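Protein chains in written order, with the UniProt record's numbering: chain A, 1 to 167; chain B, 1 to 327; chain C, 1 to 500.
Idealized CB from N, CA, C, for every residue including glycine.
The structure presented is a predicted model; accordingly, all values stated were derived computationally and were not measured.
This report refers to the structure that appears directly beneath it.
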Amino acid sequence: MLLSDRVTGGAVAALGAAAAYVGAQLPPVPGQEVGPAAFPTLIGLLLILCGGLIAFGVGRSFEDEAEAAVEESEVAHGAPHAAPPTPLRSLKAALPPALLLFYVLAVDRLGFVPTTFLMIVAMVFAFGGRWRLALALGTIGPVAVHLVFYKLLRVPLPAGLLPMPWS
Amino acid sequence: MTKLNRRAILASAAGALAAPHLALAQATYPNRPISMLCPWGAGGGTDATVRIVAQLLERELGQPVNVINRTGGSGVVGHAAIAAAAPDGYTLGILTVEISMMHWQGLTELTPRSYTPLALVNEDPPGIQVKADAPYKTLKDLADTIKKSPPGRLKASGTGQGGIWHLALIGWLQSMGLAPNHVAWVPSNGAAPAMQDLAAGGLDIVPCSVPEARAMIEAKRARSLAIMAEKRNPQFPDVPTVGEELGQVYAAGAWRGIAGPRNLPEDVAAKLRAALKKVYDSAGYKEFMNNRGFGMKWADGADFAAFMDDGDKKMGTAMKAAGLAKS
Amino acid sequence: MSTVLEALRMVAAPDVVLAILLSSIYGLVVGCLPGLSATMATALLVPVTFYLSPIAAIATIISASAMAIFSGDIPGTLLRIPGTPASAAYTDEAYAMTRKGRPELALGICLWFSAIGGIAGTISLVAMAPLLAEIAFSFSTYEYFWLGIMGLMCATLVARSSPVKAIASMLLGLLISCVGMENPGGVPRFTFGLTDLLGGIEAVPALVGAFAVSEVMRALLQPEPPKLAHRRFGSILAGQIALTKQYWKQMTRGNVIGIIIGVLPGAGADMAAWVSYAMAKKFSKEPQKFGTGHPEGLVEAGASNNASLASGWVPSLLFGIPGDTITAIAIGVLYMKGLNPGPTLFTERASSMYALYIIFLIANIIMIPLGIMMIRGTSHVMRAPRAAIMPVVLVCAAVGSFATGNNLSAVLIVAAFGIIGYVLEANGYPVAGMVLGIVMGSMVEQSFVTSLIKSDGSILPFFDRPVSAILAAMTFAALLWPVAIWLWGRPKAAKRAQPA
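Written out as structure tokens, the structure is:
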């Protein structure tokens, strides 16, 4: 999701404007001259300023230098140069947060081990791993994590459909 | 209260005779581990209290009692989880004074009445701490200084805006006929940083509980002039009460108590109350509380409910006076 | 002398020795799992300490937290997933070293200088506790305000990117720190009516999301990097002695800064590493090498990090005032075990006190052999395929964020920050700056508002107290310096850009 500085700078400025607007609405607190509105409003204004500077390309030169230095060292060590992903392929990046959301929604019903099993299998495939790795990691990983966290550290991981012998 | 309890036990006993198979299920409560929710993080005072209670309760009930810290939302999340649990006696929790404050600010719908009260196990009255080399030697000196000084000159801190020690200060000022903001409140992240700032000379008064100030008092950086309680704390016998010093009693404090969700079956509640009473009276609990300097206060069932209702009203009055309440 | 012998006897008790050993291993393992923080490792020990003797209980906390802080550098170095807000300061540097094919060197630096920092901090604790306490007491909210501002300014120095974007990320972090009702006004802000946001957004889940989850997201889009050549590294320590000789000045400065910042409650270890890394860069002869896998900054930040961890115990032990989240938990354990913090701990229970000192030293010494084993073991991770590592990272992120408060909303925060971190990073906004903003935000606002309340609205005390005047002068100097450099360097950079 590489966007131009104009777009991100604009987004930063817009966020700043929203923060300043919402922040300024906060009611004052009796006995406090500088109320809860001051800090968010100030940050909002500074964000507008920063966003503007970014959109107009101030400070860009530093970034080019930094990138050049890092790339130099990478090329020297044979790291492949990542081709910019196509928009469709970059949707793949949404998988990890989506799986975390799935965890939140499913863990109480399915239980810890089945939920994380599904997460791991999905991730292994997303990385182009084989069935055998997916099954092995998906079985051993959740059970081991459950054993350590539930039994030793007493974290109440939900049992759900598949209670472990120690829970 | 004991009468009510006894009646409840009799009633359940009568029920037991009438329906033997039901009685079997009830008589064997608890027959699996109990979860005890704590709305605050591991390592804090509430966490320590609930852990000692859980450990001793485990011995009384013969089933594991697991403490679970359910934090977040400034305590609202944990309190909500206790209220929303199934009323079967297998999920209990520790309530803290915040339950009688947060609903006034419109932060939650929960009130002390959203629970089945089981036992009040602790109350820590606010103390009135000043810097060790402060000019006032007694509470009366301080009260006179406060009355003479222009509003807002003196500064106090000990918790966030609208926190329990802020409300205690407001209550005390009002009992002296002063405006709630006569002493300016400086919000802080708890008693410890406030005590540090008191010693650094940034504050005049810290109305936190005496155990919270203990280390600084022992380090001769601060002094405690009085506690806002009806009786002296046997742990700190040299600290008088506000009543002794000024003639007018003002008492309010931070408390902790064990409760379950609303509509806990009466026989389960009775069994838990009896077990908690034994826990409270045990040497282990006394030793622990004395060691930490926490105040012991007992009330079960209806007394605990009345205690919370009374506190709830006091908090509401103080918060409205200070403009902290929503409505 | 007899108290020291008594203390040695207490530490030599079998249960204490076992507690130190087991909790050290526990700290190392939990700390090195990506997504699990040192704070979480410590919090999860509290129930265990309930069943231990007082000295053994506090030994578990000391050893586990020291190990977990070092161990948090391991995923930071190998996978670019820092374990603590403090190590976020130098994660990019350490990771750059890994990309150059020298992960052992980076980890060796973290280990060696952490141990030295820890020992220096402990010595300061033993020798100068009352003196250091005086420093803490000369800091009122005015001084904290300047300290916070100076901490925030490190954001531009730490990242190799456009300073404007670094400041924007830092401001974003400050805005995030506004969420919730833990602000001076006690008013819910930006909570959108959600109960779970009332307590604000904590630094650790945000850190886990912005680094661990966004790293997994990036990895999904990039081709598998080539395997590092399998080579047996020589002694991890040998190189360190050379580095100690070369950078002894930076090391000492890191130790001193770490000790001073560590004793200030609320600033703590989180800030020490940032300030030290920024200092190292500022005073370096070769600042252009920073961020490309240069050891100098790592030496200073590592030395500072663990020194502040040890000196953070000064206000905790003397006055019961926690320096950071870890000592806050430790104070709870001390109280629970009847070792109430306060001067009586130093007088009436001096032998227990010495026992704590000895445990500190032991923990920092055994950190070296255990840490070397850990480095040797975990460097195999670099040879495992990503398809095996990344799924585990994701599960660890979920469990780790859930475990501290048993609250599923923390997992949602991790997911949200994964997206935020990914978008920021892809567009050249340094994520570390945002983490710094989140960590420092409430301190800056709190100290500013409370200072104004205390001074009845006057800003004079921000400048006329001796310590605050010095800090203010330093802040303005540091603030104006880069602007001057930038104005001066701009024509040159433009000239260089033209022929390209």
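- Proximity to Ala299 (chain B) across B:Lys314, B:Asp281, B:Lys131, B:Met289 peaks at B:Asp281, based on C-alpha coordinates.
- Per DSSP, reduced to three states, the secondary structure at Gln288 (chain C) is helical.
- If one requires a minimum length of 4 residues, the alpha helix (DSSP H) runs lying completely within the region 84 to 130 of chain A are 87 to 90, 95 to 110, 112 to 126, in chain order.
- Listed as beta-bridge partners of Met67 (chain C) by DSSP are no residues whatsoever.
- Residues of the region 6 to 31 of chain A with a C-beta atom less than 8 Å from some C-beta of chain B are Val29, Pro30, Gly31, listed in chain order.
- With fewer than three CB-CB distances shorter than 8 Å, the region 440 to 448 of chain C does not count as touching the region 105 to 116 of chain B.
- Closer than 8 Å at the C-beta level to chain B, one finds these residues of the region 449 to 467 of chain C: Val449, Thr450, Ile453, Lys454, Asp456.
- When the Cα atoms are used, Ser468 (chain C) and Phe462 (chain C) turn out to be separated by approximately 6 Å.
- Burial is judged here by how many other beta carbons sit within 10 angstroms of a residue's own beta carbon; Phe139 (chain C) has at least 16 and is buried.
- Scanning its chain for C-beta atoms nearer than 6 Å, with the 5 sequence neighbours on each side dropped, one finds around Ala206 (chain C) the residues Phe417, Ile438, in chain order.
- DSSP places Val155 (chain A) in the coil class of the three-state scheme, outside both helix and strand.
- Per DSSP, Gln105 (chain B) lies in no beta strand (DSSP E) segment and is marked neither H nor E.
- In the three-state reduction of the DSSP assignment, Gln235 (chain B) falls in the coil class.
- Among the CB atoms of chain C, none fall inside 8 Å of the CB of Glu60 (chain B).
- Between Pro47 (chain C) and Arg273 (chain B), the C-beta spacing is not below 8 Å.
- When DSSP states are grouped into helix, strand and coil, Met353 (chain C) belongs to the helix group.
- Between the region 247 to 259 of chain C and the region 268 to 288 of chain C there are three or more inter-stretch CB-CB distances shorter than 8 Å, so the stretches are counted as touching.
- For Val145 (chain A), a Cβ of chain C is located within less than 8 Å of the residue's own Cβ.
- If you check the CB distance, Val113 (chain A) and Pro142 (chain A) come in under 8 Å.
- Distance between Leu298 (chain C) and Val263 (chain C), taken at the CA atoms: about 22 Å.
- From the beta-carbon of Asp92 (chain C), no residue of chain B is found nearer than 8 Å; the closest lies around 31 Å away.
- With respect to chain B, the C-beta atom of Pro156 (chain A) has a partner C-beta closer than 8 Å.
- Proximity of Thr41 (chain A) to chain C, defined by a Cβ-Cβ separation below 8 Å, is not satisfied.
- With respect to chain C, the C-beta atom of Arg89 (chain A) has a partner C-beta closer than 8 Å.
- With fewer than 16 other Cβ atoms inside 10 Å of its own Cβ, Tyr51 (chain C) counts as exposed.
- Counting only runs of 4 or more residues that sit fully inside the region 130 to 212 of chain B, the alpha helix (DSSP H) segments are 139 to 148, 164 to 175, 191 to 199, in chain order.
- Contacts with chain A at 8 Å (Cβ-Cβ) include Gln161 (chain B).
- Judged by DSSP secondary structure, Cys38 (chain B) falls outside any alpha helix (DSSP H) and instead within the beta strand (DSSP E) spanning 34 to 38.
- The beta carbons of Leu110 (chain A) and Val411 (chain C) sit no closer together than 8 Å.
- Beta-bridge annotation (DSSP): Leu92 (chain B) is paired with B:Met36.
- With the rule of 3 Cβ pairs closer than 8 Å, the region 373 to 389 of chain C counts as touching the region 59 to 76 of chain C.
- Bounds of the beta strand (DSSP E) holding Ile227 (chain B) are 222 to 227.
- A straight-line Cα-Cα distance of about 16 Å links Met228 (chain B) and Ser157 (chain B).
- Between Val268 (chain B) and Gly89 (chain B), the alpha-carbon positions lie close to 6 Å from each other.
- Look at Met382 (chain C) here: in three-state DSSP terms it is helix.
- Judged by beta-carbon spacing, Val213 (chain C) lies within the 8 Å limit of Pro97 (chain A), meaning their Cβ atoms are closer than that value.
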